[in-house]
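A.B. asks: Handing you this structure, nothing more for now.
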Amino acid sequence: MRLACIRNKLVAIAATALLLLPGFDGSANAESKVLRTGAQGSALIDVESGRILYSHNGDKPMLIASLTKIMTAIVAIEHGKLSDMVETSVRAAGKEGSSIYLKRGEKMSLHNMLYGLMLRSGNDAATAIAEHVGGSEEGFVHMMNAKAEMLGLANSQFMNPSGLDAAGHYSSANDLAKLTAYALKNPVFKEIVKTKSKSAPNPNDSWDYLWKNKNKMLAMYEGADGVKTGYTKKSLRCLVSSATRGGQQLVAVTINDRDDWNDHMRMLNFGFNYYPLSEIAHKGQPVSGYPLAVGRTLRYPFAEGEKEQLHTKLNLLDARSAAYLLGERGTMQWFVGDAKIGETPVYDPKGSRIALPDKPAWAAGQ
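Numbered according to mature numbering (1 follows the signal peptide of the UniProt record, and there is no 0), the sequence shown spans residues -30 to -1, 1 to 336.
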């Protein structure tokens, strides 16, 4: 394949904070002067772009308690059938720790059990789900670790689906931020974690289950829409929260933080105030100097002064390639300084490819 490279400077536009892109020299120092938390590990990520906006001990492996269930939920959603009836085993019904009080032999749809998992942090639900979807708890744990590897979560390893303390069971703030950003692109996961309360049929009594979400951020913070609380005596307080404002969704992570509710509000405010999401290009936008059009809208959270460093590199496909014959003409790469921040396909504006809807990021596994 022959590649032709063309670099174009874009018009400089001001953003809103004196911070640098991850990978730029001095970014950690600049960020730490602006935002601090009481957490042993913390991270803040923009969901759409995947940009880490803030991190403290972000790659340090730590105990994560029930934040584990974020991985449990997304693996179950992707590999299970929501309408399946999940039967509670003896092992699941007797699981220690937080519970939704499932009884041996009780059956519940996978969809409802996922609500019990995420809203009430049921360890019994985690075990029952794992046994159903993975064939066994051990089989499901293998699926969790395979997913972690696929997502590039280099500082994560799972030994159980509940998050109960175990040797070799850990993750990091940055990994949890990346995992949650990925999971929130799945509409089923997104709907579950923003739910404040959920009722479900209870075959053991005349009244239904009623689960109220333990995540107080849903009531405390405007725009909050997820995600999960966690606690054990060893991990102490852990929290992943998300919020959406002005079309931008952020995820905050803290591990071992006594003041997590307040810290999360500060972290989310920091992200919305200093890293607003900005459109770089829109689908169908002409490529200057070429009979081509950008194939996908691209947005990115810029800090102040970063957009003036924005430039592009156009990689053109060989006209004999299969992709070219299908309507693709190449890719447009976007950089701030030397750091690549995104990539969009470019198409023939008269072709059929440009008219096709964008593939959802969660479906593409991005």
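Here a beta-carbon is modelled for each residue, glycine too, at the ideal position from N, C-alpha and C.
Go ahead and label P256 buried or exposed: buried means 16 or more other beta carbons lie within 10 angstroms of its beta carbon, across all protein chains shown.
C.D. replies: In the sequence shown, the residue the question calls residue 256 occupies position 286. With fewer than 16 other Cβ atoms within 10 Å, it is exposed.
A.B. asks: Between the C-alpha atoms of N65 and V210, what's the straight-line distance to the nearest angstrom?
C.D. replies: Looking up residue 65 in the sequence shown gives position 95. Looking up residue 210 in the sequence shown gives position 240. Rather than Asn, the amino acid found at residue 65 in this sequence is Lys. Taking the straight line joining both Cα atoms gives about 24 Å.
A.B. asks: At a cut of 8 Å, does the segment 47 to 58 reach the segment 28 to 35 through at least three beta carbon pairs?
C.D. replies: No, the segment 47 to 58 does not touch the segment 28 to 35.
A.B. asks: According to DSSP, what are the bridge partners of E57?
C.D. replies: As a first step, residue 57 is located in the sequence shown; it is residue number 87 there, counting from the start. Partner(s): K77.
A.B. asks: What does the alpha-carbon distance come out to for the pair N226 and G217?
C.D. replies: Walking along the sequence shown from the start, residue 226 turns up at place 256. Walking along the sequence shown from the start, residue 217 turns up at place 247. Rounded to the nearest angstrom, the two C-alpha atoms are 30 Å apart.
A.B. asks: If you follow the alpha helix (DSSP H) that Y244 is in, where does it begin and where does it stop?
C.D. replies: Taking the sequence shown and counting its residues from 1, the one referred to as residue 244 is at position 274. Start and end: 230 to 244.
A.B. asks: By how many angstroms is the C-alpha of G75 removed from the C-alpha of T58?
C.D. replies: On the sequence shown, position 88 is the one that residue 58 refers to. On the sequence shown, position 105 is the one that residue 75 refers to. Rounded to whole angstroms, T58 to G75 spans 5 Å at the Cα level.
A.B. asks: Please list the terminal residues of the continuous beta strand (DSSP E) segment that includes A251.
C.D. replies: For the purposes of this step, residue 251 is identified with residue 281 of the sequence shown, where counting begins at 1. 247 to 251 is the extent of the beta strand (DSSP E) around A251.
A.B. asks: Answer with buried or exposed for V163, where buried requires no fewer than 16 other C-beta atoms within 10 angstroms of its C-beta.
C.D. replies: Position 193 of the sequence shown, counted from the start, is the residue given in the question as residue 163. So V163 counts as buried.
A.B. asks: Around the Cβ of P271, are there at least 16 other Cβ atoms within 10 angstroms (buried) or fewer (exposed)?
C.D. replies: By one-based count along the sequence shown, residue 271 stands at place 301. Buried.
A.B. asks: Which residues share a DSSP beta bridge with K117?
C.D. replies: In the sequence shown, counting from the first residue as 1, residue 117 sits at position 147. Beta-bridge pairing links K117 to no other residue.
A.B. asks: Compare the C-beta of T202 with all C-beta atoms of chain C and state if any pair is closer than 8 Å.
C.D. replies: Note that chain C does not occur in the displayed structure, where there is just one protein chain.
A.B. asks: Tell me the DSSP secondary structure of V163 in three-state form.
C.D. replies: Within the sequence shown, numbered from 1, the residue matching residue 163 stands at position 193. Residue state, collapsed to three classes: helix.
A.B. asks: Between the Cα of S258 and those of V316, G20, N93, spot the shortest distance and give me the residue it belongs to.
C.D. replies: Here residue 258 corresponds to residue number 288 of the sequence shown, with the count starting at 1. The residue with the shortest Cα to Cα distance from S258 is V316.
A.B. asks: Quick one: give me the first and last residue of the alpha helix (DSSP H) that V197 is part of.
C.D. replies: Numbered from 1 along the sequence shown, position 227 holds the residue referred to as residue 197. Here V197 belongs to no alpha helix (DSSP H); instead the beta strand (DSSP E) covers 194 to 200.
A.B. asks: Kindly indicate which residue of Y24, G11, A9, G8 has the alpha-carbon position closest to the one of F240.
C.D. replies: Along the sequence shown, one-based indexing puts residue 240 at 270. Minimum Cα distance to F240 is reached at Y24.
A.B. asks: Could you tell me which residues DSSP pairs with Q110 in its beta bridges?
C.D. replies: To locate residue 110, count along the sequence shown from 1; it is residue 140. The identity of residue 110 in the sequence shown is Phe, whereas the question assumes Gln. Bridge partners of F110: none, in fact.
A.B. asks: Taking the alpha-carbon positions, what's the G196 to K182 distance?
C.D. replies: Against the sequence shown, residue 196 aligns to sequence position 226. Against the sequence shown, residue 182 aligns to sequence position 212. Roughly 13 Å between the two C-alpha positions.
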